[in-house]
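Student: In this note's numbering, the protein residues as written are 1 to 209. Ideal placement from N, C-alpha and C gives every residue a C-beta, glycine not left out. Computed from a predicted model, the values in this text were never measured in an experiment.
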């Protein structure tokens, strides 16, 4: 580390500059790995400055990027959380939710899950809760496509916190729907149930998850 000739990364701090090797620090830190491999930091910084002046940021992705619009909004949300910019966090979360509703692409959604759970702390629930609600709207149809269903299973295995949150979402609110007064993704109650075997209905049936 002390010989700068072969180092390829500089960490700058008030205490000075430290020359290090990416191959050493990146495997040990997801933050450094994303910073060195994301290829998107300049655009993120531009979006941040734009937001300060316009209270909004550009949704367009730069040429050559492998990120989806959902991943862009996740990174903007993570930046807002890191630098304590509540208004930016709100806008990024709204854009994430709108993208899920207006342009549902299962593979892009599943690719955004690791970004959410790796770049935001567990105490920052907004995107995590939105992700759980979003996939619940589409899960039955998502599982009909075997290739997407495989990606979904891999996502659960590789992101156990997401699997736990999704399960908790179903336990806390088994039924969700859209309310004309309150909007989409509201907890619902079944007024009456029917036995699928005898087809008889009764509002007093005891239900369990």
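1) Please go through the same chain and pick out, in chain order, the residues whose beta-carbon is closer than 7 Å to the beta-carbon of residue 132, but skip the five residues on each side of it.
2) Roughly how many angstroms lie between the CA atoms of residue 33 and residue 65, to the nearest whole one?
3) Counting pairs of Cβ atoms below 8 Å between the region 185-203 and the region 143-157, do you hit three or more?
4) Cα separation between residue 187 and residue 127?
5) Report the rounded CA-to-CA distance for residue 21 versus residue 28, giving the unit in angstroms.
6) Which class does residue 115 belong to by DSSP, given the choice of helix, strand or coil?
7) Indicate the three-state DSSP secondary structure (helix, strand or coil) for residue 154 in the structure shown.
8) Rounded to whole angstroms, how far is the Cβ of residue 81 from the Cβ of residue 124, which I believe are closer than 8 Å?
9) Taking all protein chains shown into account, decide if residue 8 is buried (16 or more other Cβ within 10 angstroms of its Cβ) or exposed.
10) Distance, Cα to Cα, residue 53 vs residue 73?
11) Going by beta-carbon coordinates alone, are residue 115 and residue 92 separated by less than 9 Å?
Tutor: Considering the structure as presented:
1) Stepping through the chain shown from its first residue, residue 132 is reached at position 132. Closer than 7 Å at the Cβ level, and outside the excluded window around residue 132, lie 165, 166 and 169.
2) Here residue 33 corresponds to residue number 33 of the chain shown, with the count starting at 1. Here residue 65 corresponds to residue number 65 of the chain shown, with the count starting at 1. The C-alpha of residue 33 lies about 17 Å from the C-alpha of residue 65.
3) The region 185-203 vs the region 143-157: no contact.
4) Your numbering for residue 187 matches position 187 in the chain shown. Your numbering for residue 127 matches position 127 in the chain shown. In this model, residue 187 and residue 127 are separated by some 18 Å (Cα to Cα).
5) Within the chain shown, residue 21 is the residue found at index 21, counting from 1. Within the chain shown, residue 28 is the residue found at index 28, counting from 1. So the alpha carbons of these two residues sit roughly 12 Å apart.
6) The count along the chain shown starts at 1 and reaches residue 115 at position 115. DSSP places residue 115 in helix when its eight states are reduced to three.
7) Mapped onto the chain shown, residue 154 falls at position 154. Of the three classes helix, strand and coil, the one that applies to residue 154 here is helix, per DSSP.
8) The residue labelled residue 81 in the question sits at position 81 within the chain shown. The residue labelled residue 124 in the question sits at position 124 within the chain shown. The beta-carbon distance between residue 81 and residue 124, rounded to whole angstroms, is 5 Å. This is short enough to meet the 8 Å contact definition.
9) Taking the first residue of the chain shown as position 1, residue 8 is located at position 8. Classification of residue 8: exposed, given that the 10 Å Cβ count is below 16.
10) Here residue 53 corresponds to residue number 53 of the chain shown, with the count starting at 1. Here residue 73 corresponds to residue number 73 of the chain shown, with the count starting at 1. Each residue's Cα considered, the two are about 18 Å apart.
11) One-based indexing of the chain shown puts residue 115 at position 115. One-based indexing of the chain shown puts residue 92 at position 92. One thing to note: residue 115 has its Cβ no nearer than 9 Å to the Cβ of residue 92.
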